[in-house]
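Residue numbers (our numbering): 75 to 405. Virtual Cβ for every residue (Gly too), placed ideally from N, Cα, C.
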């Protein structure tokens, strides 16, 4: 009887071990991400456009998006900037609000070339027993942020991409696939943005190769969540929803993917920050509606002014005619 009980205990433990790793892969307890340092929780299109033209400060956050639960201090360690000419260099960091901060462009982190810049971070958490097997597994956290820089006197970069494609630095990463418009022109300026109510394709790479059957979690700052799975080419599709409170604002959206290397037992968790902009048809219709009401309002106001002038002139003419009648009677 004792032997049978031991066999059952071993069997139950064997069943629980993969469950722990699968749970982490499907929904990581925490994520590493970059976000703009801004006192405004919800930025509209105008504020976002200004922030992209001026130097910005990125804060490295850790927790369950959008809630920041832990500070991250990895100054002097693994944070890189990939320029539009394809060159990757180490980033110069500072400490703000108790966490790692990166100012870009700046004197220490210049942007001499126009185009899409990639900001990447890598942090390792040692010896965490994720699958309850009594052994600690390393967890590698990665985070990526896309910035488009434009200067009047700058030279356009020729090696722009949405992936670092450098496994030694960023082993697991997410990037948008659809970076071309209807005419086939590449729009790197829009790489960090996604249009609401429109399907977008993204790809997951592990060590430079497409990662199939990967579980991807999607989080928005309003608390909405969704799950997706990559196909054989490492691609998944997602359609952001339209915000109900303010259709003209830009909403943050975080993509997170987790993966366990079966050979090393190490866990990898990577994120990509994007921004959801309003659906252009709805935005244009609202703009056209506003213009229509503006024209109608001005027209009604002008009609009101013309009516007042006409009535005043008519009253004046009537008074003059009455005055002339009285004058004729007196004569």
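Just the C-alpha distance for residue i and residue j, rounded to the nearest angstrom, thanks.
{"i": "residue 79", "j": "residue 211", "result": "With a pLDDT of only 48 at residue 79, under 50, the local geometry of the prediction cannot be trusted, and the value read off the model is given with reservation. Between residue 79 and residue 211, the C-alpha separation is close to 29 Å."}
{"i": "residue 131", "j": "residue 298", "result": "26 Å"}
{"i": "residue 319", "j": "residue 346", "result": "In this prediction, residue 319 has a pLDDT of 48, which is less than 50 and means its spatial position is unreliable; nothing more can be read from the coordinates."}
{"i": "residue 263", "j": "residue 144", "result": "31 Å"}
{"i": "residue 233", "j": "residue 220", "result": "15 Å"}
{"i": "residue 351", "j": "residue 171", "result": "28 Å"}
{"i": "residue 341", "j": "residue 218", "result": "17 Å"}
{"i": "residue 382", "j": "residue 388", "result": "10 Å"}
{"i": "residue 184", "j": "residue 240", "result": "21 Å"}
{"i": "residue 250", "j": "residue 312", "result": "11 Å"}
{"i": "residue 186", "j": "residue 228", "result": "6 Å"}
{"i": "residue 192", "j": "residue 373", "result": "50 Å"}
{"i": "residue 266", "j": "residue 349", "result": "6 Å"}
{"i": "residue 156", "j": "residue 296", "result": "30 Å"}
{"i": "residue 326", "j": "residue 375", "result": "41 Å"}
{"i": "residue 334", "j": "residue 284", "result": "15 Å"}
{"i": "residue 213", "j": "residue 160", "result": "28 Å"}
{"i": "residue 252", "j": "residue 377", "result": "50 Å"}
{"i": "residue 177", "j": "residue 223", "result": "13 Å"}
Does DSSP put residue i in a helix, in a strand, or in coil?
{"i": "residue 332", "result": "strand"}
{"i": "residue 167", "result": "coil"}
{"i": "residue 226", "result": "coil"}
{"i": "residue 338", "result": "coil"}
{"i": "residue 371", "result": "helix"}
{"i": "residue 104", "result": "coil"}
{"i": "residue 298", "result": "coil"}
{"i": "residue 261", "result": "coil"}
{"i": "residue 290", "result": "strand"}
{"i": "residue 278", "result": "strand"}
{"i": "residue 251", "result": "coil"}
{"i": "residue 348", "result": "strand"}
{"i": "residue 315", "result": "coil"}
{"i": "residue 131", "result": "strand"}
{"i": "residue 271", "result": "coil"}
{"i": "residue 162", "result": "strand"}
{"i": "residue 379", "result": "helix"}
Check the C-beta distance from residue i over to residue j and give it rounded, since I have them as a contact under 8 Å.
{"i": "residue 238", "j": "residue 194", "result": "6 Å"}
{"i": "residue 134", "j": "residue 173", "result": "6 Å"}
{"i": "residue 244", "j": "residue 278", "result": "Rounded, the Cβ-Cβ distance is 12 Å, inconsistent with contact."}
{"i": "residue 303", "j": "residue 288", "result": "7 Å"}
{"i": "residue 344", "j": "residue 246", "result": "4 Å"}
{"i": "residue 136", "j": "residue 106", "result": "5 Å"}
{"i": "residue 163", "j": "residue 129", "result": "About 18 Å; that fails the 8 Å criterion."}
{"i": "residue 310", "j": "residue 271", "result": "In fact, because the Cβ distance is near 18 Å, the residues do not count as touching under 8 Å."}
Whose CA, out of the options, lies closest to the CA of residue i?
{"i": "residue 146", "options": "288, 348, 371 and 167", "result": "167"}
{"i": "residue 175", "options": "186, 187 and 153", "result": "153"}
{"i": "residue 242", "options": "282, 128 and 376", "result": "282"}
{"i": "residue 141", "options": "151, 103, 158 and 159", "result": "103"}
{"i": "residue 274", "options": "338, 353, 182 and 296", "result": "353"}
{"i": "residue 197", "options": "180, 181, 182 and 215", "result": "215"}
{"i": "residue 315", "options": "308, 293 and 306", "result": "293"}
{"i": "residue 339", "options": "268, 200 and 222", "result": "200"}
{"i": "residue 483", "options": "158, 178, 308 and 148", "result": "Coverage of the chain is limited to positions 75 through 405, which leaves residue 483 absent and any answer about it impossible."}
{"i": "residue 235", "options": "380, 177, 158 and 323", "result": "158"}
{"i": "residue 323", "options": "224, 230, 337 and 268", "result": "268"}
{"i": "residue 332", "options": "226, 306, 225 and 280", "result": "280"}
Counting only beta-carbon atoms, is residue i nearer than 8 Å to chain B?
{"i": "residue 243", "result": "Reference to chain B is not applicable here, since this structure consists of a single protein chain."}
Report the residue ranges of all beta strand (DSSP E) runs contained in full by the segment 179-205; include only those spanning at least 3 residues, in chain order.
Every beta strand (DSSP E) of 3 residues or more that sits fully in the segment 179-205 is shown, in chain order, as 187-202.
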